[in-house]
Amino acid sequence: MAFDGLMTSSVAASLKESLLAGRINKIYQLSNHEILMQIRAQGKNQKVLFSTHSSYARVQITKLDYQYPDEPPMFCMFLRKHLEGGIIYNIEQINHDRIIKFTIRHINELGDQMIKFLYIEIMGKHSNLILTDATHRILDTIKHISPLVNRYRSLQPGATYILPPTQEKQLPTDVDFETFSSLMVEGERYDKQLVAKFQGLSPLIAREIIYRSESDSIQNIYDSFTNVLTKIQEAPSPHVMIASKEYFYLLPLYHIEGELIPCVTLWDMFDRYYFGKDERDRIKQQFHDIERFIRQEYDKNVKKLEKLNEELVNSEKAEQYKVLGELILANIYQIKRGDSVVRVQNFYSENLEELDIPLEPMLSASENAQKYFQKYTKAKNAVNYILEQLELTEKEIAYFETLMIQIETATLKDAYEIKEELELAGYLRKRQMKKRKMNGKPNIEKYLSTDGVEIFVGKNNLQNDYLTHKFARRHEWWFHAKDMPGSHVLVRSDADELSEATIRSAAQLASYFSKGRLSSSVPIDYTRVRHVKKVPAAHLGFVTYENQKTIYIDPDESFIMNLTKLK
Numbered sequence: 096m097a098f099d100g101l102m103t104s105s106v107a108a109s110l111k112e113s114l115l116a117g118r119i120n121k122i123y124q125l126s127n128h129e130i131l132m133q134i135r136a137q138g139k140n141q142k143v144l145f146s147t148h149s150s151y152a153r154v155q156i157t158k159l160d161y162q163y164p165d166e167p168p169m170f171c172m173f174l175r176k177h178l179e180g181g182i183i184y185n186i187e188q189i190n191h192d193r194i195i196k197f198t199i200r201h202i203n204e205l206g207d208q209m210i211k212f213l214y215i216e217i218m219g220k221h222s223n224l225i226l227t228d229a230t231h232r233i234l235d236t237i238k239h240i241s242p243l244v245n246r247y248r249s250l251q252p253g254a255t256y257i258l259p260p261t262q263e264k265q266l267p268t269d270v271d272f273e274t275f276s277s278l279m280v281e282g283e284r285y286d287k288q289l290v291a292k293f294q295g296l297s298p299l300i301a302r303e304i305i306y307r308s309e310s311d312s313i314q315n316i317y318d319s320f321t322n323v324l325t326k327i328q329e330a331p332s333p334h335v336m337i338a339s340k341e342y343f344y345l346l347p348l349y350h351i352e353g354e355l356i357p358c359v360t361l362w363d364m365f366d367r368y369y370f371g372k373d374e375r376d377r378i379k380q381q382f383h384d385i386e387r388f389i390r391q392e393y394d395k396n397v398k399k400l401e402k403l404n405e406e407l408v409n410s411e412k413a414e415q416y417k418v419l420g421e422l423i424l425a426n427i428y429q430i431k432r433g434d435s436v437v438r439v440q441n442f443y444s445e446n447l448e449e450l451d452i453p454l455e456p457m458l459s460a461s462e463n464a465q466k467y468f469q470k471y472t473k474a475k476n477a478v479n480y481i482l483e484q485l486e487l488t489e490k491e492i493a494y495f496e497t498l499m500i501q502i503e504t505a506t507l508k509d510a511y512e513i514k515e516e517l518e519l520a521g522y523l524r525k526r527q528m529k530k531r532k533m534n535g536k537p538n539i540e541k542y543l544s545t546d547g548v549e550i551f552v553g554k555n556n557l558q559n560d561y562l563t564h565k566f567a568r569r570h571e572w573w574f575h576a577k578d579m580p581g582s583h584v585l586v587r588s589d590a591d592e593l594s595e596a597t598i599r600s601a602a603q604l605a606s607y608f609s610k611g612r613l614s615s616s617v618p619i620d621y622t623r624v625r626h627v628k629k630v631p632a633a634h635l636g637f638v639t640y641e642n643q644k645t646i647y648i649d650p651d652e653s654f655i656m657n658l659t660k661l662k
């Protein structure tokens, strides 16, 4: 886990530097395990995210925009009561562990000044956010842990807050070579020994220390150990590493083969690494049923398409039934009732080979011929029906594939609109209770290109349809990923030619919000809005276009993050 004791120490120090004496103005609960606080400190408003997610647990200052729920949960209301208007008096790491303690001075309803402690424990699936009073009596937690689950420490209202048991490990600071060498055992993996013997080291940084030592010499490992710790403490260099997976740390990890992305600050690193990840998790939490429905409909139509193709192959035998019927009539003189087969010469074949035709013994020759003609008529009619169903099924597959792509990059508002679209199309039953109020216009994301031109992005079919056919003007420019599901992107300019910067900004957005977002060299078509037409009787957002030009672009998440996003 990258969020180890060393990372926690750096985060606590950075939070203290930025938030000390700050005032907590607003508190929001984004999901079951995320709290966002707006804190006024050092003359500016700052957003602080507390996450107790099993995979994304952290506390950070963020510049990213988050969608706040319409109704705050009970825990959020409780935090507002006890912490809004409070002043942050201190921020500190506890016991060199993955625990950060916020000391907050708060004035209650009677005007008395109160001290509250807010602890965030960043420990994977055991992560928690705990609010206590000055005597360390727990007021509430985001996750309740009863004594039946954990006998050592109960985390629920009314219990006394007890710190997790400390590990008997050596502090990594100020360790001399003699102490270091006495802890290392030759013949065993040194990275595992570093994790087991020293507090605050994750396997990730332990492997980097061993990699930088370049040998198994204890002296070299010690030198690498002290050098890495010194850099982390005195001159941290936050980096995101992209390989088969993404990693982040306070310095570049050279033992991971992949792309190194330097970040200006610790918070930029977190925003870069977590960009979209926790958002998608919130969507899965709240719209799991919708996502599963879309996937099931897609899979169902793919299977239906396979069966229809099989039926089409069988239906193409219609001409054979007609031939058999005519051959029976041509040889009617030699067929008697009770015959189960007749051998005839196939005069429809160039070689005039003999052919055995199965017969129904209970039927006459003419009745057997009529039976084959009926099969011919049925099969011929089936071909037209199957071709019609094939076309409809392919449209359904394209539609639900588009929805699957859209929900991967959807915000909460986008997901609500996807659900509304499915209800309007009759795929889902409309629910009368707790119905969201829509303002009549879909939520459209708005960006500025690198040279200051407005760009609008539709994130679902309701938005795409509104953006292209109602909001856009005829002479403006329209972008879309070529031959794949994706967002409609509108450049608010009627210039005869767009600048290269604007074209690349719009193409980046079109590629990132498309099926090709994880690919390279994605083709993006762009044309005037007047050349984009709706597909008759098709689902919302499906269009045809002409007079397009094509640009190839590599989707870049960091480029999208750095684009100015307007509200």
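Each residue of the sequence shown is one higher than the last, beginning at 96 in this note's numbering.
Idealized CB from N, CA, C, for every residue including glycine.
So, at 6 angstroms on beta carbons, what are the nonlocal neighbours of residue i in its own chain, with the 5 sequence-adjacent residues on each side left out?
i    : result
S594 : D546
M533 : Low per-residue confidence applies at M533: pLDDT is 49, beneath 50, and the placement is therefore not dependable, though the value from the model is reported in the following sentence. Nothing listed; no residue qualifies.
D311 : none
Within the same chain, show all residues whose beta-carbon is closer than 8 angstroms to that of residue i, passing over the 5 residues directly before and after it, in chain order.
i    : result
E179 : I119, N120, K121, I122
V624 : T563, A567, R568, R569, H570, E571, W572, W573, L585
E354 : M336, I337, A338
V436 : D451, I452, P453, L454
K220 : S149
I427 : A460, S461, A464
Between which residues of its own chain and residue i is the CB-CB distance below 7 angstroms, once the five residues before and five after are set aside?
i    : result
N190 : L258, T261
R200 : G181, I182, Y184, Q208, I210
S319 : I304, R307, S308
N249 : Note that residue 249 is Ser in the sequence shown, not Asn. Excluding positions up to five away in sequence, the list reads I240, S241, P242.
Could you work out which residue in the options is closest to residue i when comparing CA atoms only?
i    : options                : result
L498 : D451, R232, A152, N559 : N559
F314 : E273, L661, G611, Q265 : Here the sequence assigns Gln to residue 314, which means Phe is not the residue at that position. Taking only the C-alpha atoms, the option nearest Q314 is E273.
I217 : T230, I356, K238, A510 : K238
M169 : L125, K158, A136, S109 : L125
D228 : Y247, T255, E386, I389 : T255
M656 : L604, R175, K473       : L604
F212 : H221, T198, K220, A505 : T198
K565 : R432, L131, H583, L661 : H583
G295 : S109, V638, F98, E486  : F98
K514 : E489, K554, T488       : K554
I550 : K660, G206, I156       : K660
L324 : L345, G206, L226       : L345
K577 : Y640, E516, A596       : Y640
T488 : K395, C171, A330, Y151 : K395
Could you check what DSSP says for residue i in three-state terms: helix, strand or coil?
i    : result
G100 : helix
L226 : strand
D651 : coil
M336 : strand
R531 : Residue placement at R531 is flagged as unreliable, the pLDDT there being 48, under the threshold of 50; the coordinate-derived value follows with that caveat. Coil.
A136 : strand
S146 : strand
E401 : helix
I156 : strand
I119 : strand
T659 : strand
I48  : Shown here, the chain extends from 96 to 662; a query on residue 48 therefore has no answer.
Y306 : helix
R438 : strand
S126 : strand
F608 : coil
I539 : coil
E354 : strand
D451 : strand
On the DSSP bridge list, what partners appear for residue i?
i    : result
N185 : T198
H575 : D620
V638 : K629
V584 : V552, F574
K644 : Y621
D363 : DSSP output for D363 lists no bridge partner at all.
T255 : R232
M209 : H201
Q141 : I134
Can you determine whether any heavy atom of the ligand NAD sits closer than 6 angstroms to the C-beta of residue i, and answer yes or no?
i    : result
Y607 : Looking for the ligand NAD in the displayed structure turns up nothing, as the structure carries no ligands at all.
Quiz item: Hey, is the segment 165–172 in contact with the segment 141–157, meaning 3+ C-beta pairs nearer than 8 angstroms?
Solution: Result no; under three Cβ-Cβ pairs closer than 8 angstroms.
Practice problem: Answer yes if the segment 589–608 comes into contact with the segment 537–546, meaning at least three C-beta pairs across the two stretches below 8 angstroms, and no otherwise. | Solution: In short, these stretches touch, since the Cβ pair count reaches three.
Self-check item: Touch test, the segment 390–397 against the segment 439–449, Cβ-Cβ under 8 angstroms, three pairs minimum
Solution: no
Quiz item: Counting Cβ pairs, one atom from each stretch, are 3 or more of them under 8 angstroms apart for the segment 328–335 and the segment 356–373?
Solution: At 8 angstroms Cβ cutoff, the stretches touch.
Quiz item: So, do the segment 642–656 and the segment 613–621 have three or more beta carbon pairs nearer to each other than 8 angstroms?
Solution: yes
Quiz item: Per the contact definition of three or more C-beta pairs closer than 8 angstroms, is the segment 448–463 in contact with the segment 500–507?
Solution: no
Quiz item: Okay, do the segment 369–385 and the segment 472–486 touch, 3+ Cβ pairs below 8 angstroms being the bar?
Solution: no
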